[in-house]
Amino acid sequence: MKVELEVTQGAEQGRRFIFKEHDTFLVGRAEEAHFRFSYDDPYISRRHFLLEVNPPECHLQDLDSTNGTKVNGRKVTKLEWHELKDGDSIEIGYTTLQVGIKELIRCARCGKELKQVKQGEEVLCAECRRKQKQAEEKAKAEKAVKCIKCGRIIPPEEVKKGETPICYRCANEEAGGLLEEILKGIGLRAGEPEAAKGAPTVPSYEIVKRLGKGGMGAVWLARDKKSGELVAIKTMLPQAASDEHHVREFKREIDITAKLRHPHIVRFITHGISRGQFYFIMEYIEGIDAEKLLEQERGNVDPREAIPIILQVLEALEYAHKEGIIHRDIKPAQILLAKLDGGWQAKLSDYGLAKNFQLAGLSGMTMPGTFGGSAPFMPPEQITNYRDVKPTSDIFAVGATLYHLLSGQFVFDIRRPREWFLDILEGKPVPIRKRSSAIPESIAEVVDKAVSKDIADRYQDAHRMKVALERA
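Going by the numbering used here, the sequence shown opens with residue 22, and the numbers climb by one from there.
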């Protein structure tokens, strides 16, 4: 599916915006707006309205604009999300935009967009159809790997050693069917303990207990039946309809991040699908996370304890950024801590996991959610440029995490919890010594630079921030 936004009336008439993946879209006169009105229209505010799109879903929120936003001729309630449908019209000032929600046809193997397909034919582009034919011809001369469900020949690059041979199409259909069962409450055995409900069934692993639960899924403690090694298994339940292309894209991103090997990054073991949920097996860290440490310290962590933790995180970022991988979701709860030689060994967890899940369109709509989670640690540019973040965005997030550990408060004053993104976009970072004058000036300078709203004023890489923090 894809969502199209076409300007049908006004000075920008004929302009089109097309959304094929999960994204956000800001409209107004502000410099960071994606659809920016550079001409004089007195009825359009700097930040007029925000769209969140996850095709086929599309939601609009008027950002408390002076003159309001109309959908199909009626003003929408300010600061509340309004669901848009195919054919809806949006009016702001002298401008009208038309919403179109259309079917998007993609190649079942490579994801390339197709203009049309013949009825009854497998949905493949010309190149993949050629490769498929070559594979079939080759299979006649040698033993081929075939999908156990549909019999389709699986290309060598899609076959993983030790895994059941199943093509992406059948795997996705199987996950969708199981997901439907879960949603209907089917699949739980009579008398099953509450702690085991929803636990994944993973070959060679025994579930011990549930460690925690979040908005997207849960984390389980499990034991490798052969080695006895304890591992953490994170499950994530797709909230949106997942097609083969998006599942493949997500798996591709996870396969890349799984290759990260660093003493301060939680080791990724493998992943799969069970009972309609994605599962991810990771190294188990026995200890607490940085958010729990802050709670134990009753509101603020001593710099002599907090800074060594952040220095380890910066080492992990320095390594990952050189590999071209951005975390996207750094916050205290993502920093796992284990006791080591009288101090803390820090490990950064969930490397790109949650954000890649969202970017693949598997998490459903996210912005209408209530304040919490990652919001206080998110750099402003991640709100307006949802898909395109840089290493400097991780720098902001790690700076915001250190800010929180040292002061117990957040970088921005959040006055409207349900519309936190407005407070971040419109507000200014509060200097950390205004939160706590006990924080040494040398440390405060590093923190304030890291959380600068202006990207150019921040440390441009993790190494520079690490050196500055060590000196402080």
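Beta carbons are placed, not taken as given, at the ideal position from N, Cα and C, and that holds for glycine. Bear in mind the structure is a predicted one, so any value in this text is a computation, not a measurement.
Specify the secondary structure class of residue i as computed by DSSP and reduced to three states.
| i | result |
| --- | --- |
| ALA359 | strand |
| ASP44 | strand |
| LEU199 | The pLDDT assigned to LEU199 is 42, lower than 50, so where the model puts this residue is not dependable, and the model offers no usable value. |
| PHE442 | helix |
| LEU145 | coil |
| ILE187 | coil |
| THR90 | coil |
| VAL468 | helix |
| VAL432 | coil |
| ASP371 | coil |
| ALA493 | coil |
| LYS411 | coil |
| LEU423 | helix |
| ILE277 | helix |
| ARG319 | coil |
| ARG151 | helix |
| THR405 | helix |
| ILE342 | Ile is not the amino acid found at residue 342; the sequence shown has His there. Helix at HIS342. |
| GLU312 | helix |
| LYS487 | helix |
| PHE417 | helix |
| LYS10 | Nothing about residue 10 can be read from this structure; the chain reaches only from 22 to 493. |
Under 7 Å Cβ to Cβ from residue i, same chain only, skipping five residues before and after it: list those, please.
| i | result |
| --- | --- |
| LEU565 | A question about residue 565 goes unanswered here, because the residues of the chain that appear run from 22 up to 493. |
| ARG314 | The displayed chain sequence assigns Leu, not Arg, to residue 314. Excluding positions up to five away in sequence, the list reads VAL322 and LEU358. |
| CYS496 | No information on residue 496 is available, as it lies outside the stretch 22 to 493 that the chain covers here. |
| ASP310 | PRO353, ALA354, ILE356, LEU357 and LEU358 |
| ASN93 | ASP109 and SER110 |
| SER295 | PRO221, THR222 and VAL223 |
| SER463 | ALA493 |
Which term fits residue i, buried or exposed, when burial requires 16 or more other beta carbons within 10 angstroms of its beta carbon?
| i | result |
| --- | --- |
| CYS79 | buried |
| SER428 | buried |
| GLY206 | Below a pLDDT of 50, predicted positions are generally treated as unreliable, and GLY206, at 39, falls in that range; the measurement from the model is reported next regardless. Exposed: under 16 other Cβ atoms inside 10 Å. |
| SER414 | buried |
| ASP371 | buried |
| SER66 | buried |
| GLY49 | buried |
| ILE34 | It should be noted that the sequence gives Gln, not Ile, for residue 34. GLN34 should be labelled exposed. |
| LYS159 | exposed |
| MET486 | buried |
| PRO63 | exposed |
| LEU423 | buried |
| CYS171 | exposed |
| CYS128 | buried |
| ALA459 | exposed |
| ARG437 | exposed |
| THR278 | buried |
| ARG456 | buried |
| GLN317 | exposed |
Give the DSSP bridge partners of residue i, in chain order.
| i | result |
| --- | --- |
| HIS80 | GLU73 and GLU104 |
| GLN30 | THR117 |
| ALA477 | Beta-bridge pairing links ALA477 to no other residue. |
| SER463 | Per DSSP, none; premise fails for SER463. |
| LEU135 | ILE126 |
| LEU251 | ARG244 |
| PHE398 | In the DSSP output, where bridge partners are listed per residue, PHE398 has none listed. |
| LYS23 | LYS123 |
| GLN366 | ALA359 |
| SER458 | According to DSSP, SER458 bridges with nothing at all. |
| LYS96 | LYS91 |
| SER110 | GLN119 |
| ARG231 | TRP241 |
| PHE289 | MET303 |
| ILE174 | LYS167 |
With a threshold of 6 Å on Cβ separation, who are the neighbours of residue i within its own chain once the five nearest residues in sequence on each side are excluded?
| i | result |
| --- | --- |
| VAL97 | ASP83, THR90 and HIS103 |
| GLU52 | none |
| PHE301 | LYS255 and HIS292 |
| VAL74 | VAL24, PHE40 and ASP44 |
| GLY390 | Low confidence applies to GLY390: its pLDDT is 41, below 50, so where it sits in the model is not reliable, and the reading given next is rough at best. So no residue of the chain qualifies. |
| HIS283 | ALA337 and TYR340 |
| VAL467 | ALA489, LEU490 and ALA493 |
| THR116 | GLY31 |
Between residue i and residue j, how many whole angstroms is the CB-CB distance? I'm expecting something under 8 Å.
| i | j | result |
| --- | --- | --- |
| CYS149 | LEU135 | About 10 Å separates the two Cβ atoms, so there is no contact after all. |
| THR516 | LEU71 | Nothing can be reported for residue 516, as the shown portion of the chain is limited to 22 through 493. |
| ALA421 | VAL410 | The Cβ separation is near 14 Å, so there is no contact. |
| ILE286 | LYS368 | 6 Å |
| PRO452 | LYS474 | Contact doesn't hold; Cβ gap of about 12 Å is too wide. |
Answer with yes or no whether the minimum CB distance from residue i to chain B is below 7 Å.
| i | result |
| --- | --- |
| GLU250 | Of the chains in the structure shown, none is chain B; there is only one protein chain. |
Under 8 Å Cβ to Cβ from residue i, same chain only, skipping five residues before and after it: list those, please.
| i | result |
| --- | --- |
| ARG244 | TYR226, GLU227, VAL229, GLU250, LEU251 and VAL252 |
| LYS247 | SER225 |
| ALA477 | none |
| ASP444 | PHE433, ASP434, ILE435, ARG436 and ARG437 |
| ASP362 | none |
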